[in-house]
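Going left to right, the sequence shown walks through residues 547 to 735 as my numbering numbers them. Glycine included, every Cβ here is placed at the ideal spot set by N, Cα and C. Structure record follows, encoded as structure tokens.
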Amino acid sequence: MAGRPIVISGPSGTGKSTLLKRLMTEYPNTFGFSISNTTRSPRPGEKDAIDYYFVTVEKFKNMINNKEFIEWAQFSGNYYGTSIAAVKHVSESLKRTCILDIDMQGVKSVKKTDLNARYLFLSPPSIEELKKRLEGRGTETPESLAKRVGAASAEMEYAKTGAHDKIIINDDLEKTYKEFKEFIFSEPV
Ligand SMILES: Nc1ncnc2c1ncn2[C@@H]1O[C@H](COP(=O)(O)OP(=O)(O)OP(=O)(O)O)[C@@H](O)[C@H]1O
């Protein structure tokens, strides 16, 4: 049996991907990510229900209206979204504990579902340090950096409301990974 879905959130650049990559490497068969729905066409080699659930715009809009998404967005003319059904598929069919890496809006949305998830917030030691990490990652333009840092304050404020089961401050990576695993394995997965 798979465990309850685990929701990890925190400002962009806090280190979520870094921790998840390590966890997946150490436990390759225990956890899974949900497959996203998209209206874009498959690229060569991409398979339906493996890379994405490829759906029509009409179907996607119906899913929005039926409140089937945890989060959805439109990028360069295509829709992308994570459905509640896709998360359930990971535990019910694949028998893996689903991990969701989502933002504050996504967390609020999961809370309205029957997914019965566990919530972890990963916090940077400070906004200054967060800026440094995003700059160090080399992925941001000045505009996207400013946008991410701006969104970080709202995420940090939300974490103060007690919405999460656990808050971990990612200062020293080894210490953080240990605490991260303690939270993950504090329940059967
Ligand atoms: N404890 C740490 N100390 C110093 N640097 C770290 C630490 N944890 C992660 N980093 C570095 O910070 C940068 C951002 O980390 P990462 O990409 O994992 O963030 P993220 O939360 O997944 O961001 P996004 O939400 O944008 O995907 C990376 O370059 C990573 O190597």
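Taking the alpha-carbon of residue i as reference, which of the options has the nearest alpha-carbon?
i, options, result
"residue 562", "659, 676, 635", "676"
"residue 584", "622, 680, 565", "622"
"residue 664", "710, 641, 705", "710"
"residue 586", "580, 597, 578, 717", "597"
"residue 558", "589, 577, 637, 672", "672"
"residue 636", "566, 564, 578", "578"
"residue 616", "702, 703, 646, 708", "646"
"residue 720", "568, 599, 552", "568"
"residue 606", "628, 588, 593, 716", "628"
"residue 662", "650, 674, 678, 643", "643"
"residue 701", "619, 648, 572", "648"
For residue i, which residues from the same chain have a beta carbon less than 8 Å from its beta carbon, with the 5 sequence-adjacent residues on both sides left out?
i, result
"residue 714", "666, 667, 668, 669, 722, 725, 726, 729"
"residue 631", "614"
"residue 564", "719"
"residue 812", "With the chain covering 547 to 735 only, the question about residue 812 has no answer from this structure."
In the DSSP assignment, the beta strand (DSSP E) including residue i goes from what residue to what residue?
i, result
"residue 679", "No beta strand (DSSP E) holds residue 679; the alpha helix (DSSP H) holding it covers 673-683."
"residue 666", "664-669"
"residue 646", "643-647"
"residue 712", "712-715"
How far does the alpha helix (DSSP H) with residue i in it extend, from its first residue to its last?
i, result
"residue 702", "688-705"
"residue 726", "719-730"
"residue 655", "650-657"
So, for residue i: in the same chain, excluding its five sequence neighbours on each side, which residues have a beta-carbon less than 6 Å away from its beta-carbon?
i, result
"residue 734", "549"
"residue 686", "680"
What residues in its chain sit with their C-beta under 7 Å from that of residue i, if we drop five residues either side in the sequence?
i, result
"residue 595", "581"
"residue 705", "667, 669, 713"
"residue 624", "584, 585, 586"
"residue 683", "559"
Counting by C-beta, which residues lie closer than 5 Å to a heavy atom of ligand 1, in chain order?
Proximity to ligand 1 was defined by a C-beta distance below 5 Å to any of its heavy atoms, and the residues meeting it, in sequence along the chain, are 558, 559, 560, 561, 562, 563, 564, 679, 683, 716, 719.
Please give me, in chain order, every unbroken run of the alpha helix (DSSP H) with length at least 4 that falls completely inside the segment 550-635.
Listed in chain order, the complete alpha helix (DSSP H) runs (minimum 4 residues) inside the segment 550-635 are 562-572, 603-611.
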